[in-house]
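**Q** For reference, each letter of the sequence shown is one residue, going 1 to 340 in UniProt numbering. In this text, a Cβ means the ideal position worked out from N, Cα and C, and glycines have one as well. Please read all numbers here as calculations on a predicted model, not as lab measurements.
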Amino acid sequence: MWKLDKEILDTCCEFIIKSVSKILTEYPANLQTILGWKSSLHLLSVTGRHPETYELGVNTFITLMSDATYVSRINYAYCVDCAFGFVALKNSPLEKNLKILDILSDSVNLLTQWCKDYSDSGSNFSIASSTSNSSMDDSSKGFTTPNFAMNLFIKLGEAFRKTSLARREEIRNHTILSLQKSFSLAEELDFSPLNCINCFNLVIFAMVDDLHEKMVEYSRRDNAEKEMRSMEGTLKLAMELLTSVYLQFLKPITMSPGFRTFWLGVLRRMDTCMKADLGDYGETKLQEVVPDLLRKIITKMKEEEILVPKEDDDLWDITYIQIQWIAPSLKEELFPDLEI
Numbered sequence: 001m002w003k004l005d006k007e008i009l010d011t012c013c014e015f016i017i018k019s020v021s022k023i024l025t026e027y028p029a030n031l032q033t034i035l036g037w038k039s040s041l042h043l044l045s046v047t048g049r050h051p052e053t054y055e056l057g058v059n060t061f062i063t064l065m066s067d068a069t070y071v072s073r074i075n076y077a078y079c080v081d082c083a084f085g086f087v088a089l090k091n092s093p094l095e096k097n098l099k100i101l102d103i104l105s106d107s108v109n110l111l112t113q114w115c116k117d118y119s120d121s122g123s124n125f126s127i128a129s130s131t132s133n134s135s136m137d138d139s140s141k142g143f144t145t146p147n148f149a150m151n152l153f154i155k156l157g158e159a160f161r162k163t164s165l166a167r168r169e170e171i172r173n174h175t176i177l178s179l180q181k182s183f184s185l186a187e188e189l190d191f192s193p194l195n196c197i198n199c200f201n202l203v204i205f206a207m208v209d210d211l212h213e214k215m216v217e218y219s220r221r222d223n224a225e226k227e228m229r230s231m232e233g234t235l236k237l238a239m240e241l242l243t244s245v246y247l248q249f250l251k252p253i254t255m256s257p258g259f260r261t262f263w264l265g266v267l268r269r270m271d272t273c274m275k276a277d278l279g280d281y282g283e284t285k286l287q288e289v290v291p292d293l294l295r296k297i298i299t300k301m302k303e304e305e306i307l308v309p310k311e312d313d314d315l316w317d318i319t320y321i322q323i324q325w326i327a328p329s330l331k332e333e334l335f336p337d338l339e340i
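1) Excluding five sequence neighbours on each side, which residues of the same chain lie with their C-beta closer than 8 angstroms to the C-beta of S134?
2) Does DSSP put D313 in a helix, a strand or coil?
3) Please name the residue, chosen from I100, K96, N147, that lies closest to residue 346 on a Cα-to-Cα basis.
4) In three-state terms, what does DSSP make of Y54?
5) Quick one: Cα of V208 to Cα of I17, how far?
6) Do you know offhand how far M255's Cα is from C273's?
7) Whose C-beta lies closer than 7 angstroms to the C-beta of Y281 among residues of the same chain, with five residues either side of it excluded?
8) Are there 16 or more other CB atoms within 10 angstroms of the CB of N30, so buried, or fewer, so exposed?
9) Exposed or buried, which one is W325 when buried takes at least 16 other CB atoms within 10 Å?
10) What residue range does the alpha helix (DSSP H) around T25 cover?
11) Please give the ranges of any alpha helix (DSSP H) in the region 149-217, keeping only runs that are unbroken, at least 4 residues long and fully inside the region.
12) Less than 9 angstroms between the beta carbons of N198 and I154, yes or no?
13) From D277, M65, T69, N97, pick the residue whose C-alpha is nearest to that of R167; which is it?
14) Give me the Cα-Cα distance between R49 and E304, rounded to the nearest whole angstrom.
15) In this structure, does DSSP put G85 in helix, strand or coil?
16) Ignoring anything shorter than 3 residues or poking outside the region 233-289, list the beta strand (DSSP E) runs there in chain order.
17) Could you please give the first and the last residue of the uninterrupted alpha helix (DSSP H) stretch that includes L44?
18) Where I176 and L241 are concerned, what is the direct C-alpha to C-alpha distance, given to the nearest angstrom?
19) Using alpha carbons as the reference points, say which of F86, N59, K38, L101 lies closest to S72.
20) Rounded to a whole number of angstroms, what is the C-alpha to C-alpha distance between K236 and D190?
21) Report yes if the CB atom of residue 343 is closer than 9 angstroms to the CB atom of A238, and no otherwise.
22) Can the beta-carbon of R295 be found closer than 9 angstroms to that of L334?
23) Since K96 is in the alpha helix (DSSP H), which residue starts that stretch and which ends it?
24) Please return the same chain residues whose Cβ sits closer than 7 angstroms to the Cβ of W114, not counting the five positions on each side in sequence.
25) Do E213 and K285 come within 9 angstroms of each other at the CB atom, strictly closer than that value?
26) Are T60 and T11 touching if we call contact CB-CB under 9 angstroms?
27) Tell me the rounded alpha-carbon separation between V289 and L9.
28) Could you tell me the alpha carbon to alpha carbon distance between C13 and L43, rounded to whole angstroms?
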């Protein structure tokens, strides 16, 4: 992707953003190629970072996404990049950032509709209706595969994951809630066992690990208890998200050949949060949360007969042993009369 020279950008910033804004708000139908959309949204993002042009840039983007008429398979990924370019700005208005996060979570409805269109049309599916022949290059081939909507969803999820580390607590926490809403709206996508595992590895597990690392990092600093507790609160939301999404997609997840390894990954993160060493700042408040999350997960797995004693499967025994390490207070409640 080409880049504007900084001197040109600083000198012509206002003119460029006015021109791009006019194209995106008045003539979006004339953008018929992938390169056209990529260039326009990139220019909107880089020129909108200046204090004097921010308002026009972010309002143009919000208008484009809110209307959604011209948001398509070919430009969705660039819309996501543009959105988080605005959210990442240090001093941007909180209200605008929260609005963008809400719009992005709602945009999952577009992904589900595109996925449905693909399923309904079968082998006759084409992106010609949303782009001209001139844009049918190699970069558009991915839009005619069954997994294209899922790939876009994972891109959105990874962008949410990165934003969950924002300095401002309100943005971090709202990001977690937006991601949870995104998963709720995405049930009609192709959440195969493999796709479920990929989503967890690339988005949820990675987010929990990053937040835990950041929380511990703050605990090692002097006079940083406020920041550490703030990050701890965001990690709590992330663990609740992990539990919610795990239960939402429990059946396809357990159908994966790698389920045992995945399940141990869930338990490992519960253990890591439960035993987080916060140094002089004392024990983590996550100790009050993790047992409830484990109780909810294991109870559901038992109800669905996923976690039951079997002679040819030691998942029950492995889980019992792990629970003794993580939250021994749950042992008698969840595994009554069992000794190994």
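**A** Looking at the coordinates:
1) For S134, the pLDDT reaches just 36, beneath the cut-off of 50, and the residue's location in the model is therefore unreliable, although a value from the coordinates is still provided. Within the same chain, S134 has close Cβ partners Q32, T33.
2) strand
3) The structure shown does not extend to residue 346, since the chain is modelled only from 1 through 340, so no value can be given for it.
4) helix
5) 37 angstroms
6) 27 angstroms
7) S219, E225, M228
8) exposed
9) exposed
10) 6-26
11) 169-185, 193-199
12) yes
13) N97
14) 50 angstroms
15) helix
16) none
17) 34-47
18) 7 angstroms
19) K38
20) 28 angstroms
21) Residue coverage of the chain in this structure runs from 1 to 340, which leaves residue 343 outside it and unanswerable.
22) yes
23) 94-106
24) R73, A149
25) no
26) no
27) 49 angstroms
28) 9 angstroms
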